[in-house]
Structure formats: structure tokens, C-alpha cells
Amino acid sequence: MKSNTAQAATAVQPTTTNDQCNGHSVYKPGLEGVVAAETALSHVDGQKGELLIGGYRLEELAANATFEEVVYLLWHGSLPQQSALETFEKSLATQRALPPAVVQLLRAAAKEQIPTMTALRMAAGTIDIDSANTNDNSDPTAQAQVILARLPTIVATYWRLATGQEPFAPNPTLNHAANYLYMLTGQSPTSAQVRGLETYLNTVIDHGLNASTFAARVIIATATDLTSAVVGALGALKGPLHGGAPGPALDMVFDIGQPAHAESYLRAKLASGERLMGFGHRIYRVRDPRAEVLAQEAARMFQADGDMALYELAKTVEAKAVALLAEYKPGRNLQTNVEFYTALLLHGLGLETDLFTPTFAISRAAGWLAHCFEQQATGRLIRPQSHYIGERKGGWLPIEQRN
Ligand code: ACO
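Structure representation (C-alpha cells):
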């Protein structure tokens, strides 16, 4: 690299090459293995393939609880009793309507036909335009409730506008999951559809210190507001290495089209160095337990009223992909992750691929907000160190003398 300085630059010697060096910590690319928070919200055991949410095994919680119950569990530390649940449900249900300025923004975004996740990220920053200056200290979760109640309205409103349809007003008689499906279509969903969506929302609500949750904690640790933390987390979730994978995972299944084509298609992708979306995970070395819960829910849904050929094709693609990943990336233990069956389940619910990541976001936001409460309780700024690998330069030159 060309230096702008008159004198030869000298490289600064690394000071942090191992745990002991000059008392500095070792640099861990991607913070792999670094413990950066304590949490009582979820426990991810990547070796055993176990996930606890609010202390409960995912398999026990996901298919039984309503989404509101799991949010309450994360925000308050225990499952609600009937009266507390009713109060919480009512509070969320009555705060879903968007301020007119947010709808105006969504109309402008729809004209540009931007992806739904981008519209969600943009509109989320304006979500509290009517309450950003309110200092209600009586309930620490009050602002979080506004955010959680309105995110599905943003997604459904944008989706309808972007597809040339007028949005539906939220229906306060429906619960969180049912209302989301209603606002997308204008139809009251069946109880099987609501159960399918709730199982999905419960499954992805929290997952240790994943990238978007870490982003939320870093942001809230500066003593800023919850909306800022959620907007930052949305930006992190949007990336294809995190929450952006289920759309491409389903596209891949559709591209393959029939079981007999799976092997040649997947081999070609792996041989050209491409990643298979919906497979691999930083923590799990066995099958992601969320994939199992969602696979079972998808099987129930597809068997009751769905395209079983697509379901069977997806099972074949999964089996072939896992086998080929073992062949192409030996020793990596690359297994199915949550996104593969997310794609199938949400497709079964009638959602288009562009809605997959935003639907993930409306659940994970509850987890981000719970992590914000935990982080606020520590009162500690998150501020790691970096390891300078640039040069030590000298000999300042005025701009007209530089070449
Ligand atoms: N397909 C092909 N190869 C893969 C895949 C995959 N899905 N995942 C990892 N690998 C390979 C990498 O290329 C790398 O190979 P190399 O060492 O020969 O270069 C090796 O396996 C290790 O990969 P890393 O990137 O170090 O693994 P990391 O833990 O950082 O990656 C990640 C995790 C990002 C999820 C990765 O597995 C991936 O890209 N998967 C596909 C995208 C996806 O499904 N994302 C959703 C994740 S779940 C969630 O966030 C909710």
C-alpha cells in the first residue's frame, strides 16, 4: 500500500498475540468462544443440541405457549398468571396502530419497491414518533410494549402497500400472532395457522448472544433508548449470514424442483465454493433443536392441508445437503439450522419469501428487548479493545505536497 508520508512508515509490532502477551487478551476473530454477557433468558448448548428459553426446554415451550406468554416470561422471569396475561395481551393489542407519519413513510417506501426488511428497518426508527419524549417510569416495559405491538403492523402495512393493496387496521380482538396473519390477508386465520405461527415465533424469540442480540446489547449499554437498540439489531438480523437465510433456503428447494436433482445441484454449489443456506451454525455442532421443532410443526401443517410433495422434497434436500457438507467440509459438523424449516413453515402459512426475515424480526425483537433490560441492569458500557495492525507514520505533508 502506498504511504502518504515523506518518511518510510514502520509497522507497529503486534502487542496482543497470545493470552499472556503484555497482559493483553488474545484477539478472537468473530469473538468466537468469547463470553461477553451473562443472561437468564436462553441457554444454547451447541454440543448437546439443547435450547432453554426462560428456563424451559424449547420442545416443551414452543408448541404449548402463546407468544404473549413467552414474551412475558422473558420480560418478567416467570410465566404469567391469568390476570397478568390478560392485562399484557390487552396492552399489546391496543397499541398496534401506527402513527400517521409512519404509514406515510411506508407509502413512500412502497413506491420504491424496497425489500420488506429494509422498509421495516427504516420505519422502526420512527415507531415511537408519538411517544419518544414520554418519560413513563411507572412501567419499565412500557416503551418495549409499544415497539413490540407495532412491529407486526409495520410489516403487514408495508407488505400490503408494496403489493398494491390498502392496509388493514389491526384487530384488537385477535392475539399477536393471529392479528399479524389477519393484517397480511384480511382473513381470520384458522386455529392451526395461528398455532403454527406461534410455535415459530416462540422458537426464534431468543438465542443466546447471536449477532443481532449482541448488537442490541452494545447499543443499549451506551444508556440510549430501546428504539435505537432495536433498529441496530434489525440491521444485523437483515444480513444473509444471520436472519436473511430462509428466503434463499426456500429458493434453493424450489430451484432443485425434484428429489432426483438434489445431489447434482448441491454438488455444483459446493464445488463452486457457495454456502448452502439453512445449514451450518457458529454454536451448534449437532442439528439445531429449533430445526426439529419447526420440522415437526411443518409436518403437522403440511399433512393437514399442504403441499406434501414440497415437504418431501425439502426432507430429501436436507438429507443430501447434510451428507454432502460432511463430504466437502469434513470435520466441520455442518448441520441443518433453524432457517431451513423456518422457510418451509412460513411458506406453508402462505407467507412470501420477502416476509420471512421480517417475521423472524417481529419475534426476535421481544428477545432483544429482554436483553436490553438485562444489559441496563448491569449498567456497564460494552467497550472491547482492538489490536492495531496499521503502520506508525510520520512526516505530515500539506495536501499540495502529497503524491
Ligand atoms: N455451506 C457450505 N459451507 C459452509 C456452510 C454452508 N452453509 N457453513 C459453513 N461452511 C464452511 C465454511 O465455508 C468454512 O469452510 P472453510 O473452513 O473451508 O473456509 C467452514 O464451513 C466453517 O465456516 P465458518 O464461516 O467459519 O463458520 P461460522 O461459524 O462462522 O458460520 C454461518 C456460521 C455464518 C451460519 C455459516 O454456517 C453459514 O454461512 N451458513 C449459511 C447461512 C445460514 O444458514 N445462516 C443462518 C444461520 S442461523 C441464524 O443466524 C438464525
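Read in order, the letters of the sequence shown are residues 153 to 555 in this note's numbering.
Note that CB positions come from ideal geometry on N, CA and C, so glycine has one too.
Inset, instruction - State whether the segment 335 to 343 contacts the segment 184 to 196, with contact taken as three or more CB pairs (one from each stretch) at a distance under 8 Å. - result: Contact between the segment 335 to 343 and the segment 184 to 196 is not established, with fewer than three Cβ pairs separated by less than 8 Å.
Inset, instruction - Give the single residue among Thr379, His328, Tyr332 whose Cα lies nearest to the Cα of Phe320. - result: Taking the sequence shown and counting its residues from 1, one reaches residue 320 at position 168. Out of Thr379, His328, Tyr332, Tyr332 has the C-alpha closest to the C-alpha of Phe320.
Inset, instruction - Give the DSSP bridge partners of Tyr208, in chain order. - result: By 1-based counting over the sequence shown, the position of residue 208 is 56. DSSP output for Tyr208 lists Ile205 as bridge partner(s).
Legend entry - Neighbour-count burial assignment, Trp520, 16 or more Cβ in a 10 Å radius: Your numbering for residue 520 matches position 368 in the sequence shown. Its Cβ being crowded by 16 or more others within 10 Å, Trp520 is buried.
Legend entry - First and last residue of the uninterrupted alpha helix (DSSP H) at Asp574: In this structure the chain extends from 153 to 555, so residue 574 is not present and cannot be described.
Inset, instruction - Please determine, among Ile306, Leu462, His499, the residue with the shortest C-alpha to C-alpha distance to Pro322. - result: Position 170 of the sequence shown, counted from the first residue, corresponds to residue 322. Distances from the alpha-carbon of Pro322 to those of Ile306, Leu462, His499 put Ile306 closest.
Inset, instruction - Could you tell me whether any non-hydrogen atom of the ligand ACO is closer than 7 Å to the CB of Val490? - result: Residue numbering aside, residue 490 sits at position 338 when the sequence shown is read from its first letter. Correct: Val490 has its Cβ closer than 7 Å to the ligand ACO.
Legend entry - Span separating the alpha-carbon of Cys173 from that of His328: The residue you call residue 173 lines up with position 21 of the sequence shown. The residue you call residue 328 lines up with position 176 of the sequence shown. Only weak support is given to the placement of Cys173: the predicted model assigns it a pLDDT of 48, under 50, and the value that follows is read from those uncertain coordinates. Each residue's alpha carbon lies about 52 Å from the other.
Inset, instruction - Note down the Cα distance separating Leu353 from Ser515, rounded to an integer number of angstroms. - result: As a position in the sequence shown, residue 353 is number 201, starting the count at 1. As a position in the sequence shown, residue 515 is number 363, starting the count at 1. Distance between the alpha carbons of Leu353 and Ser515 is about 5 Å.
Legend entry - Complete alpha helix (DSSP H) runs within the segment 182 to 250 (minimum length 4 residues, chain order): Complete alpha helix (DSSP H) runs here, min 4: 210 to 213, 219 to 228, 234 to 245.
Inset, instruction - Examine the ligand ACO and report whether any of its heavy atoms sits within less than 7 Å of the Cβ of Met269. - result: Taking the first residue of the sequence shown as 1, we reach residue 269 at position 117. In this structure, Met269 has its beta carbon at no less than 7 Å from each heavy atom of the ligand ACO.
Legend entry - Alpha-carbon spacing of Gln410 relative to Ala473, whole angstroms: Translated into the one-based positions of the sequence shown, residue 410 becomes position 258. Translated into the one-based positions of the sequence shown, residue 473 becomes position 321. Taken atom to atom, the span from the alpha-carbon of Gln410 to that of Ala473 is near 14 Å.
Inset, instruction - Check Glu464 in the structure and name its three-state DSSP category. - result: The count along the sequence shown starts at 1 and reaches residue 464 at position 312. Helix.
Legend entry - Beta-carbon proximity of Ala363 to His394, cut-off 8 Å: Here residue 363 is taken as the residue at index 211 of the sequence shown, counted from 1. Here residue 394 is taken as the residue at index 242 of the sequence shown, counted from 1. For the pair Ala363 and His394, the CB atoms are nearer than the 8 Å cut-off.
Inset, instruction - Would you identify the three-state DSSP class for His359, choosing helix, strand or coil? - result: The residue labelled residue 359 in the question sits at position 207 within the sequence shown. His359: strand per DSSP, three-state reduction.
Inset, instruction - Would you tell me roughly how many angstroms separate the C-alpha atoms of Arg209 and Gly229, rounded to the nearest one? - result: Against the sequence shown, residue 209 aligns to sequence position 57. Against the sequence shown, residue 229 aligns to sequence position 77. Rounded to the nearest angstrom, the two C-alpha atoms are 15 Å apart.
Legend entry - Beta-carbon contacts of Glu211 that lie in its chain and below 8 Å, excluding the five residues immediately before and after: As a position in the sequence shown, residue 211 is number 59, starting the count at 1. Only Pro441, Glu444, Val445 meet the Cβ criterion.
Inset, instruction - Measuring alpha carbon to alpha carbon, tell me which of Gln295, Leu272, Pro267 ends up nearest Ser283. - result: Looking up residue 283 in the sequence shown gives position 131. Checked all of Gln295, Leu272, Pro267; the closest Cα to Ser283 is Gln295.
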